[in-house]
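Taking it in order: structure first as structure tokens, then the write-up.
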């Protein structure tokens, strides 16, 4: 199933006569119609648009809000001490001190935290970078949100490049970036000092590295074939630098939130499955042992082991200081037979292990009656968004009844259309075994289905953010199929392609209009209360589970 809008690696629908095998280059390396500079220009323009949206009025609300109360202060503690530090509660709470411009927020010692430090290090680094600007300062709302805005922008750039590579269409690649730029969930989480946007960035970056590695591996097989090598006997395919980069990204993702482990497990299986498919497509018969020794085992080292090392390094601030929570747990617990020079590092790692045991206990025993708790089945339909911020006494809309809010909800058109797109991907994969449809389905399953195993744990809609890039890929892949319909029916092709173009235009216009409609309730923009309520269509979008 090929088209100018969405090329594939399948053989031509009308085989040449007499029948012959399509050359490896034609099957492995479909042509990219866009020059490299144009592809990068398109990606950069879409990313700049996304960045402008996220940076505009980044300081609103002008106070710490929702879970910034944890992450912004933890980030500042990491920057100052190397570990998360307890903050003041009396006589003035730390939030009030930050809102008044004071940075004297710390008291006591190390604080118990339940998420690894990478996301908070990124918040701290963004705050430092912001302070370097002539108009910037340390620990301001713009400062502690700057890294999130930057991460959201970079994730859009990566998605454009990934979608362009997967579809071989610059139009569809830029469309993917534009869709994610206009998603309300991605938008709100790119403007708050929380770590979910960093989790999404590193998962997307790691997956992109694996897709590039897939292409590079096939390029090597093509070069070997054209050089006259016997592909049936080819073993090691050289150093897989992009897969190594994927391991680095996955380590940073796990170091942001442990839920990245689900993606790492799925993508680790996916990359070796791609290797096996490449070998069989190249003509190798029963390549299991060759694949196991030269592809699968190195893949484990390059992804899982590298990710583990990166994760451990991310705790350096806690390991190489002495004041962190539980840091001295194992002090003096080693027997005298252990050489003295090993005591410090072993005790530190033992203490870290116990710390992780406590963190896991928190996650497994957590209970809450929060109004905006959302079960996984609710995420894709946007049933229960989270009210990050609400101010019913705002000014600036021209009347006395002004409201500002930050409702963290995905753009409904995007998420609802993605449900149909996932059905299309499943049908496409079952019918043609297209690798792109399979990869998208696996990624969505990895980020969504494991949460059903924890029915009693409080969960929220923003846990679904890492799914978004793959839902967007499903949408653009489905649009590519629609726009390329009719290739095998020359008589009706112009009409079918015109219809596909209409579908593409309607979907894109609906997404743009929907985001614009919801923008005031996403960005703390002051509007009349009656207008605000009109935009929140259901009571559950306002009151959460209290609406029932």
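In my numbering, the protein residues as written are 35 to 582. Beta carbons: idealized from backbone N, C-alpha and C, even for Gly. Since the model is a prediction, treat every value here as computed from it, not as a measurement.
In this structure the segment 497-504 lies against the segment 210-229, because at least three pairs of beta carbons, one per stretch, are closer than 8 Å. Judged by DSSP in its simplified three-state form, residue 119 adopts strand.
In the structure shown, residue 139 adopts coil according to DSSP, grouped into three states. Taking all protein chains in view, the Cβ of residue 273 is surrounded by fewer than 16 other Cβ atoms within 10 Å, so the residue is classified as exposed.
DSSP places residue 360 outside both helix and strand once states are collapsed to three, so it counts as coil. Relative to the Cα of residue 103, the nearest Cα in the group 70, 84, 464, 147 belongs to 147. Within 10 angstroms of the beta-carbon of residue 94 lie 16 or more other beta-carbons, which makes it buried. Secondary structure at residue 562: strand, using DSSP grouped into helix, strand and coil. DSSP, read as helix, strand or coil, puts residue 173 in coil.
In the same chain as residue 190, and ignoring 5 residues on each side of it, the C-beta atoms closer than 7 Å to its own belong to 80, 81, 84, 211, 214, 215, in chain order.
Of 223, 184, 476, 413, the smallest CA-CA separation from residue 304 is found for 476.
Distance from the Cα of residue 539 is smallest, within the candidate group 209, 316, 331, for 209.
In this structure the segment 159-172 does not touch the segment 115-131; the number of beta carbon pairs closer than 8 Å is below three. Between residue 552 and residue 438, the C-beta gap is not smaller than 8 Å, which leaves the two residues out of contact. Residue 542 holds the alpha-carbon nearest to the alpha-carbon of residue 206 among 546, 542, 339. When C-beta atoms of the segment 285-299 are compared with those of the segment 335-346, three or more pairs fall below 8 Å, so the two segments count as touching. Burial state of residue 336 is buried, judged by a 10 Å Cβ sphere holding 16 or more other Cβ atoms. With three or more CB-CB distances shorter than 8 Å, the segment 383-397 counts as touching the segment 355-369.
Per DSSP, residue 339 is not a residue of any beta strand (DSSP E), being assigned neither H nor E.
In this structure, the beta-carbon distance from residue 471 to residue 482 does not fall below 8 Å. Residue 435 places its beta carbon less than 8 Å from that of residue 563. A direct Cα-Cα distance of roughly 28 Å separates residue 443 from residue 110.
Between residue 570 and residue 441, the C-beta gap is smaller than 8 Å, which places the two residues in contact.
Counting only residues of its own chain and dropping the five nearest sequence neighbours on each side, residue 558 has a CB closer than 7 Å to the CB of 94, 95, 423, 438, 439, 440.
Fewer than three beta-carbon pairs drawn from the segment 504-520 and the segment 221-230 are found closer than 8 Å, and the two stretches are therefore not classed as touching. For the 8 Å CB-CB criterion, residue 141 and residue 178 do not form a contact.
Annotated as proximal: residue 289 and residue 348, with beta-carbon spacing under 8 Å. Closest in C-alpha terms to residue 413, from the list 432, 241, 505, comes 505. When DSSP states are grouped into helix, strand and coil, residue 234 belongs to the helix group.
By the criterion of a C-beta distance shorter than 6 Å, residue 484 is surrounded in its chain by 296, once the five residues flanking it on both sides are discounted. Taking C-beta separations shorter than 7 Å and ignoring five residues to either side along the sequence, the partners of residue 508 in its chain run 452, 455, 456, 459, 474, following chain order.
Here DSSP, grouped into helix, strand and coil, assigns residue 438 to strand. For residue 98 and residue 532, the gap between their C-alpha atoms comes out near 50 Å. Bounds of any alpha helix (DSSP H) do not take in residue 421; it lies within the beta strand (DSSP E) bounded by 420-428. DSSP places residue 96 in no alpha helix (DSSP H); its state is neither H nor E.
For residue 144, DSSP records a beta bridge to 119.
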